[in-house]
Amino acid sequence: MEDKTDAILDIAKRRGFFWQNSLIHGAMAGFYDYAHLGTLLKNKWQDLWREYFLGLDDNFYEMSVCHIMPEHVFKASGHLASFVDPVVRCKKCGNTERADHIIEDALKENFEGASLEKMTEIIKEHNIRCPKCKGPLEETGILNMMFPINVGTGEEVRKGYLSPETAQGAYINFKLEFECLRRKLPMGLAIVGKAYRNEISPRNVLIRMREFTQAELQIFFDPDTITEHPKFYEVENYVLRVFPAVNRESGKIEEVPAKEVVKRLGMPKFYVYHMAKIQQFYIEKLRLPRELFRFRQLTDEEKAFYNKYHWDIELNLESLGGFKEVAGLHYRTDHDLAGHQAVSGESQEVNIDGKKFIPHVLELSFGVDRNVYALFELALVEEKVGEEQRSVLKFPKIVSPQDAGILPLVNKDGLPEKAREIQALLKEHGFVVFYDQSGSIGRRYRRIDEIGVAAGITVDYDSLQHNDVTLRDRDSMKQVRVKISELPGVLKRFLNGEELESLGKPLKHD
Ligand code: GAP
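Count along the sequence shown starting at 1, add 303, and that's the number in the numbering used here.
In structure tokens form, the structure reads like this:
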């Protein structure tokens with residue numbers, strides 16, 4: 304499995320998307336840099352995430368917070384005591400590995416969340432040895448995953464940690480924002496930022512990193528309203544793809560209307576409404592095939608220590624041998640705010656119309672890098688076109704790193720000037736476009752296909768006479784003729800997924 308993700312990393316590196324950090328000095332495992340195209344892709348995904356999830360309610364806002372926070376924050380959140388991974392050490396060479404990972408590698412079965420005793424027992428029973436030297440392994444223990452940090456010097460020194468999730472930034476600021484935002488619930492605070500975890504075995508490129516980006520939305524609400532959502536009626540018949548914990552043996556993914564998830568699976572409406580919105584983000588906004596998507600319910604042993612309800616959002620990725628978590632929907636109750644109140648002595652209660660309580664939190668938590676990795680893998684296509692082989696990155700158009708390449712058919716007779724005019728027009732409308740005049744038009748199409756540019760816009764002699772251009776779809780290679788004056792509107796509709804044929808006069812394609 305490892306070689307498939309390495310093969311993807313190799314392509315990502317060659318095409319300018321991402322690679323390991325500090326390569327010239329000997330890279331550390333679990334750290335990656337985004338190159339120019341990867342950065343555009345990541346930014347597009349983040350912008351879409353912001354627009355979509357902050358758009359769910361008028362009382363949802365974004366914050367930017369510090370990444371280093373004092374020790375007390377993580378005492379309050381429970382991370383100091385409970386943010387641990389199961390580890391085993393080799394008795395012979397001292398190599399330390401994540402216990403569930405080496406069991407999974409040996410038995411091809413997921414053991415995340417199993418007890419330490421269980422893992423020790425499985426290792427013994429199957430005689431699993433150190434992957435480095437084949438030596439015997441010690442009993443399974445635990446290791447805290449946070450990066451400690453000393454802040455200040457001498458007498459002034461204070462212990463802090465690099466934050467292992469963006470979420471705590473929203474909790475420690477809850478009361479201040481609640482006061483500024485006129486004391487209304489539900490209130491949403493979103494943070495797109497870095498998280499740091501000293502993973503014992505970082506692996507699979509952007510899937511398990513030590514420094515990564517999360518996009519998280521914390522929704523603070525009155526726990527008495529969890530069985531309702533004012534807009535539930537909009538999604539009640541929307542069919543969710545769910546993999547309940549009771550189906551683990553059979554492996555059956557079910558298609559269940561939202562209202563049945565409430566009735567049959569016992570999830571509250573407030574929770575299920577957000578399940579529907581998350582699935583719509585992947586299937587309607589990003590237009591991923593629905594069979595690649597599922598919600599996986601975690602068992603009590605697997606749930607994060609702060610969660611009462613916990614379903615992960617998973618995408619089926621070939622390089623990882625099946626469904627892999629890219630996000631989670633967490634009902635964290637008042638775990639965090641009550642913890643901050645207890646440790647700081649500062650009340651986190653609100654008073655709404657005389658009712659005093661600590662709000663509960665529903666958390667929508669997305670790993671940005673995992674989503675970028677998934678989009679990259681799903682986009683990679685090799686196909687035959689006539690006698691030729693075509694390499695193309697078929698990203699969802701709405702998050703393609705670049706929207707269009709502007710290509711003059713020839714490098715003379717006023718065509719470059721016309722193409723530059725169109726480039727300026729589209730830039731003015733906020734599109735990410737570039738100009739390319741070198742090589743034959745066929746070669747230029749292949750080049751833009753390889754880096755996943757959504758459209759090719761070709762300027763030819765007719766463009767000078769009729770003020771129109773050819774718009775070519777990267778995925779189907781179909782082409783239509785479009786008036787230059789209409790191009791910004793047409794390109795927007797094209798990126799939002801409208802059929803090419805409805806956008807202009809069809810032409811014979813390459
Ligand atoms: N605030 C809740 C939280 O952090 P999590 O399940 O630990 O929950 C949320 O992480 C998401 O962050 C995951 O669904 C995953 O997409 C991403 N993530 C977690 N650990 C990661 C790692 N080591 N490398 C890359 N992404 C990671």
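Every residue gets a Cβ at the ideal spot worked out from N, C-alpha and C, and that includes glycine.
- At least 8 Å separates the beta-carbon of G733 from that of F698.
- Counting along the chain, G708 sits inside the beta strand (DSSP E) bounded by residues A707 to P711.
- Not a single heavy atom of the ligand GAP lies less than 7 Å from the C-beta of R353.
- In the DSSP secondary-structure assignment, Y609 is not bridged to any residue.
- Under DSSP, N453 takes part in a beta bridge, and its partners are K462.
- When only Cα atoms are considered, Y337 and W322 end up about 7 Å apart.
- Taking 7 Å as the cut-off, one finds at least one heavy atom of the ligand GAP near enough to the beta carbon of F669.
- DSSP assignment within the stretch 607–651 yields the following whole alpha helix (DSSP H) runs of 4 residues or more, N-terminal first: 638–647.
- One thing to note: E605 has its Cβ within 8 Å of the Cβ of G416.
- DSSP places I522 inside the beta strand (DSSP E), whose first and last residues are E514 to F524.
- Look at the beta carbons and you see the stretch 718–728 not touching the stretch 657–674: under three pairs across the two are nearer than 8 Å.
- Residue burial annotation: M490 is buried, with at least 16 other C-beta atoms found within 10 angstroms of its C-beta.
- Within the chosen limit of 7 Å, the ligand GAP reaches the beta carbon of Q517 through at least one heavy atom.
- L798 and I709 do not touch by the CB rule: their CB atoms are close to 15 Å apart, not below 8 Å.
- Nearest Cα to K435 within the set I405, M366 and V460: I405.
- Under the DSSP assignment, F377 falls in the alpha helix (DSSP H) whose first and last residues are E374 to S380.
- Inclusion of K347 and P704 in the CB contact set at 8 Å is warranted, their separation being smaller than that value.
- Residue environment: M331 is assigned as exposed (fewer than 16 neighbouring CB atoms within 10 Å of its CB, all protein chains considered).
- Looking from the CA of Q349, the closest CA among N674, V783, P711 and G800 belongs to N674.
- Residue pairing by DSSP places R544 opposite E558 in a beta bridge.
- When H663, I655 and V772 are compared, the shortest CA-CA separation from A707 is found for V772.
- Apart from the 5 residues on each side of it in sequence, E628 sits with its Cβ closer than 6 Å to the Cβ of D615 and E617 in its chain, given in chain order.
- The C-alpha of K781 lies about 28 Å from the C-alpha of T342.
- Taking the C-beta atoms as reference points, A579 is found no nearer than 8 Å to F356.
- Our two residues, P809 and L790, have alpha carbons roughly 15 Å apart in a direct line.
- Between Q651 and K394, the C-beta gap is not smaller than 8 Å, which leaves the two residues out of contact.
- A contact is defined here as three or more CB-CB pairs under 8 Å, and the stretch 674–688 fails this definition with respect to the stretch 523–536.
- As the crow flies, the alpha-carbon of S504 is around 30 Å from that of L696.
- For H328, there is no enclosing beta strand (DSSP E), as DSSP gives it neither H nor E.
- Approximately 7 Å separates the beta-carbon atoms of Q644 and I661; this is inside 8 Å, confirming the contact.
- Of the candidates R551, L568, G463 and S553, L568 places its Cα closest to the Cα of V559.
- C-alpha of I371 to C-alpha of R485: approximately 29 Å in a straight line.
- With a cutoff of 7 Å, H633 counts as near the ligand GAP, since its C-beta is closer than that to a heavy atom of the ligand.
- Taking a 10 Å sphere around the C-beta of S553, we find fewer than 16 other C-beta atoms and assign the residue as exposed.
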